[in-house]
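Engineer: The structure that follows is given in the form of structure tokens.
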Amino acid sequence: MSAREDILAALRAARPPGDHPLPELPRFPGVEGDLLAAFRVSLAVMGGQWVALPEGEALGAFIRARAGEGALIRTATDELPEFARVDAVNRPRDLENVDVAVVRARFGVAETGSVFLSDRELQVNTIAYLAQHLIVLLDPGAVVPGIADAYLRPDFADARYVSLMTGPSATADIEGVMIRGAQGVRSLTVVFAKASAPAA
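Mapping of the sequence shown onto numbering that gives the first Met the number 0: position 28 corresponds to residue 27, and the numbering continues sequentially without gaps.
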């Protein structure tokens, strides 16, 4: 037996008999009013940026203009066929030279400015940490009031892992000075753009 199997067997043997349903999550009061406005404020407090896709502008051209002409861009969404896919690599570490990664969040949280990214959204989880800059596409209508509302959604049950990402990487451990991009992405930008069908 492997160490993993030994541990799981010990846990099963120690489990008390009977059914043990998960507790019912209480409902807490969340953000009221304009959820999108609250999301923008919360995101900015955490060092993130937000932009709205200009009406009539192509998403790919908009992202290319923001990233710069020479930037290496990879995407985890089928909405941007003009960019290379994050999952078109042999090893997750091969994404280490990516300048800009583009993903689509399943939803956002107004209370904290967080975006929901799971294995389905990221495709390769290292992209959220190895890329220099992360652009997150978010449907403006997919914002929930608070963290408690987020956990009441079924999205957590069908994912292998989940990250509620809030702003870029940051630390203030040394002399209380805030450093952004210390252990992960240097910037996180949310682009408010309705989800579109992938190009045929």
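In this text, a Cβ means the ideal position worked out from N, Cα and C, and glycines have one as well.
To the nearest angstrom, how far is the alpha carbon of residue 56 from that of residue 50?
Structural biologist: Straight-line Cα distance between these residues: approximately 13 Å.
Engineer: Counting along the chain, where does the beta strand (DSSP E) carrying residue 64 start and finish?
Structural biologist: Careful: residue 64 lies outside any beta strand (DSSP E), inside the alpha helix (DSSP H) at 58-66.
Engineer: So for residue 44, helix, strand or coil by DSSP?
Structural biologist: In this structure, residue 44 counts as helix in the three-state DSSP scheme.
Engineer: Are the segment 117-135 and the segment 92-106 in contact at 8 Å, needing three or more beta carbon pairs?
Structural biologist: Verdict: yes, contact present.
Engineer: Taking the beta strand (DSSP E) that residue 244 belongs to, which residues open and close that run?
Structural biologist: Here the chain covers residues 0 to 199 and nothing more, so residue 244 does not appear.
Engineer: Measuring only the C-alpha atoms, how far is residue 145 from residue 39?
Structural biologist: In a straight line, the C-alpha of residue 145 is about 14 Å away from that of residue 39.
Engineer: Quick test of your reading: residue 106 and residue 161, contact by CB under 8 Å. State the CB separation rounded to the nearest angstrom.
Structural biologist: Not really, about 11 Å apart at Cβ, beyond 8 Å.
Engineer: Thinking just about the alpha-carbon of each residue, which of 179, 89, 150, 83 is nearest to the one in residue 26?
Structural biologist: Per the Cα distances, 150.
Engineer: In terms of DSSP beta bridges, what is residue 73 paired with?
Structural biologist: In DSSP, residue 73 forms a bridge with 83, 100.
Engineer: Hey, how far is the Cα of residue 13 from the Cα of residue 4?
Structural biologist: Looking at the two C-alpha atoms, the distance is approximately 14 Å.
Engineer: Less than 9 Å between the beta carbons of residue 201 and residue 83, yes or no?
Structural biologist: Beyond the ends of the chain as shown, which are 0 and 199, falls residue 201; an answer cannot be given.
Engineer: Can you name the start and end residues of the alpha helix (DSSP H) that residue 137 belongs to?
Structural biologist: Not the alpha helix (DSSP H): residue 137 falls in the beta strand (DSSP E), residues 132-137.
Engineer: Roughly how many angstroms separate the alpha carbons of residue 8 and residue 2, rounded to a whole number?
Structural biologist: Near 10 Å, if we compare the C-alpha coordinates of residue 2 and residue 8.
Engineer: Report buried or exposed for residue 103, applying the criterion of at least 16 other Cβ atoms within 10 angstroms of its Cβ.
Structural biologist: With 16 or more Cβ atoms within 10 Å of its Cβ, residue 103 is classed as buried.
Engineer: Quick check on the burial criterion: 16 or more other C-beta atoms within 10 angstroms. Buried or exposed for residue 167?
Structural biologist: Residue 167 comes out buried.
Engineer: Based on the DSSP secondary-structure assignment, which residues constitute the bridge partners of residue 170?
Structural biologist: DSSP lists 178 as partners of residue 170.
Engineer: I need the DSSP call for residue 106, collapsed to helix, strand or coil.
Structural biologist: Three-state DSSP puts residue 106 in coil, outside helix and strand.
Engineer: Which residue wins for smallest C-alpha separation from residue 136, given the options 80, 125, 194?
Structural biologist: The option with the nearest alpha carbon to residue 136 is 194.
Engineer: Please report the straight-line C-alpha distance between residue 197 and residue 177, rounded to a whole angstrom.
Structural biologist: Residue confidence for residue 197 is low, a pLDDT of 47 falling below 50, so the modelled location carries little weight and cannot support an answer.
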